[in-house]
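*Asks:*
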Amino acid sequence: MEYRIPKKGEIYRHFKGNLYEIITIARDSETLEEKVVYKEADGDAAYVRPLRMFVSPVDKEKYPDVTQEFRFERVQDASPEILQDKNVQNYWKQDDVCSAKPSMILEYLDLYTVEEKLSYLLRVKDSVTEEFLQVVAQSLDFTENEGSLMERYDEILRYLQTVAKYESGRLR
């Protein structure tokens, strides 16, 4: 299947109508599968989805009334009506689109071992944001509980410490 790989900063519309900004393309540390890391264009929630699924066509049997061809379509490639959408206009007027420093997210996603991830999280403790923690949790397949930012940060650290303890001797 030939497809266009999303790029950092591009805006995509999901076939159900919501707008999302691409943060980066990441690789699963276990399977090496490429994944798209993206966030709501008008919010803080961040998501991770396999690249193949991100660029896949809409299931017309399940969603027969959908006019969009692909699950996500780049807004810049869309019709002039979509570009006139108030959500898109407001999005481009924002001064600080991404609350987390993109470099923090990219640095974290480039780390390979659990020990490297633990060390990095300890170094950036004072700079963590909601978005950053969401990306970290999703990259680990970790389900976050409700709580303050620091409570959630501590839960992720405990999770990584547990993984390090029980997987350190396992051969890959």
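Going by the working numbering, the sequence shown opens with residue 25, and the numbers climb by one from there. Note that the Cβ used here is the ideal one computed from N, Cα and C, for glycine as well.
Take every Cβ of the segment 152–159, pair it with every Cβ of the segment 38–46, and state whether three or more of those distances are shorter than 8 angstroms.
*Replies:* no
*Asks:* Around the C-beta of glutamine 158, are 16 or more other C-beta atoms found within 10 angstroms, so that it is buried, or is it exposed?
*Replies:* Buried: at least 16 other Cβ atoms inside 10 Å.
*Asks:* Assign tyrosine 144 to one of three DSSP states: helix, strand, or coil.
*Replies:* If DSSP states are grouped into helix, strand and coil, tyrosine 144 belongs with the helices.
*Asks:* Using the C-alpha atoms, what's the distance from aspartate 89 back to lysine 141?
*Replies:* Rounded to whole angstroms, lysine 141 and aspartate 89 show a C-alpha spacing of 44 angstroms.
*Asks:* My assumption, with CB atoms under 8 angstroms, is that valine 61 sits in contact with alanine 70. Please give the rounded CB distance.
*Replies:* Contact holds; Cβ gap of about 7 angstroms.
*Asks:* How many whole angstroms separate the CB atoms of isoleucine 129 and isoleucine 47, which I take to be in contact at a CB cut-off of 8 angstroms?
*Replies:* 6 angstroms
*Asks:* What would DSSP say about lysine 189, mapped onto helix, strand or coil?
*Replies:* helix
*Asks:* Less than 8 angstroms between the CB atoms is what I'm expecting for valine 148 and valine 187, so what's the real figure, rounded?
*Replies:* In fact, because the Cβ distance is near 19 angstroms, the residues do not count as touching under 8 angstroms.
*Asks:* Determine the closest residue to aspartate 229 out of Ala65, Lys189, Arg73 and Ser143, with distance taken between C-alpha atoms.
*Replies:* In the structure as shown, the chain begins at 25 and stops at 196. Residue 229 is therefore absent and cannot be evaluated.
*Asks:* Going by beta carbon distance, what residues of the same chain come within less than 8 angstroms of tyrosine 144, once the five residues before and after it are set aside?
*Replies:* Around tyrosine 144: Glu131, Tyr132 and Leu135.
*Asks:* Please classify leucine 107 as buried or exposed, where buried requires at least 16 neighbouring CB atoms within 10 angstroms.
*Replies:* Interpretation of leucine 107 is limited by its pLDDT of 43, a score under 50 that renders its predicted location unreliable; no figure is taken from the coordinates.
*Asks:* Roughly how many angstroms lie between the CA atoms of isoleucine 29 and arginine 98, to the nearest whole one?
*Replies:* 11 angstroms
*Asks:* So the beta strand (DSSP E) phenylalanine 96 belongs to, where does it begin and stop?
*Replies:* 96–98
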